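For the sequence shown, our numbering gives the first residue as 2, with consecutive numbering after it.
Ideal placement from N, C-alpha and C gives every residue a C-beta, glycine not left out.
These numbers were taken from a predicted model, which means no experiment stands behind them.
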Amino acid sequence: MIDPATVVEATTKFLQDHPNLMPIVMFGLAFGESLAIVSFLVPATVLMLAIGALVEASGLSLWPVWLAAVVGASLGDAVSYWLGYHYKDRARTFWPLSRRPDLVARAEDFFTRFGVWGVAIGRFFGPLRAVVPLVAGILAMRHVPFQVANVGSAMVWSFAMLAPGAAATKLLGF
Numbered sequence: 002m003i004d005p006a007t008v009v010e011a012t013t014k015f016l017q018d019h020p021n022l023m024p025i026v027m028f029g030l031a032f033g034e035s036l037a038i039v040s041f042l043v044p045a046t047v048l049m050l051a052i053g054a055l056v057e058a059s060g061l062s063l064w065p066v067w068l069a070a071v072v073g074a075s076l077g078d079a080v081s082y083w084l085g086y087h088y089k090d091r092a093r094t095f096w097p098l099s100r101r102p103d104l105v106a107r108a109e110d111f112f113t114r115f116g117v118w119g120v121a122i123g124r125f126f127g128p129l130r131a132v133v134p135l136v137a138g139i140l141a142m143r144h145v146p147f148q149v150a151n152v153g154s155a156m157v158w159s160f161a162m163l164a165p166g167a168a169a170t171k172l173l174g175f
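Pasting the structure below:
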């Protein structure tokens with residue numbers, strides 16, 4: 002099994018050597034973090050915080066990296082929604098969801114309780130982040146309200162992931 006700390010260290014070293022690739026890497030991380038099933042394998046949260054710091058330390062603009070994160074996160078949720086909508090209840094049998102029926106049940110309860118707000122709020126709750134859009138698709142939430150919540154929350158979430166690292170770097174003068 003791959004050690005998450007090793008992945009974080011290798012990725013941050015790579016980005017220090019190739020800062021111009023930060024938007025591309027950020028897109029991939031945000032997409033993976035938001036995509037049902039894949040999100041369980043990607044240590045994206047720690048990397049996103051670190052990339053925020055690297056952006057500031059490199060003197061790059063935060064906005065292209067932020068935009069890449071927004072697009073990646075939005076697309077990841079859109080694909081998760083589509084998988085749920087297309088496969089319906091069969092989506093529950095996909096690994097690793099088949100091993101975590103409690104997580105799917107929690108996401109269903111969360112979505113049923115909060116509806117469209119559940120999609121937006123769910124992005125900020127670790128393991129539910131990628132499962133809520135899948136459940137929204139399974140339960141056939143209307144597409145437009147889903148996408149409004151998806152993109153709006155991706156904008157806020159991406160900033161919340163990048164800003165602390167950038168702010169800390171700036172304040173500490175690295």
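Query	Result
Which runs of the alpha helix (DSSP H), 4 residues or longer, sit entirely within the region 71-119?	102-115
Between which residues of its own chain and residue 69 is the CB-CB distance below 6 Å, once the five residues before and five after are set aside?	24, 27, 28
Do you know whose CA, among 167, 108, 55, 118, lies nearest residue 152's CA?	118
Checking 8 Å against the spacing of the C-beta atoms, do residue 137 and residue 82 come in under that value?	yes
So, at 7 Å on beta carbons, what are the nonlocal neighbours of residue 61 in its own chain, with the 5 sequence-adjacent residues on each side left out?	20, 23
Does the region 52-67 come into contact with the region 108-118, if we say contact requires no fewer than three beta-carbon pairs (one atom in each stretch) closer than 8 Å?	no
What is the residue span of the alpha helix (DSSP H) that residue 168 lies within?	144-173
May I ask you to report which of helix, strand or coil DSSP gives residue 22?	helix
On a CA-only basis, which of 143, 39, 65, 78 is nearest residue 1? Give me that one, please.	Past the edges of the chain, shown from 2 to 175, lies residue 1, and the structure says nothing about it.
Does the beta-carbon of residue 67 have 16 or more other beta-carbons within 10 angstroms, so that it is buried, or is it exposed?	buried
Could you tell me the boundaries of the alpha helix (DSSP H) in which residue 50 lies?	45-59
Assuming residue 120 and residue 95 are in contact, meaning their beta carbons sit under 8 Å apart, how far apart are those beta carbons, in whole angstroms?	Incorrect: roughly 20 Å between the Cβ atoms, too far for contact.
In this structure, does DSSP put residue 15 in helix, strand or coil?	helix
By alpha-carbon positions, which one of 144, 166, 134 ends up nearest to residue 109?	134
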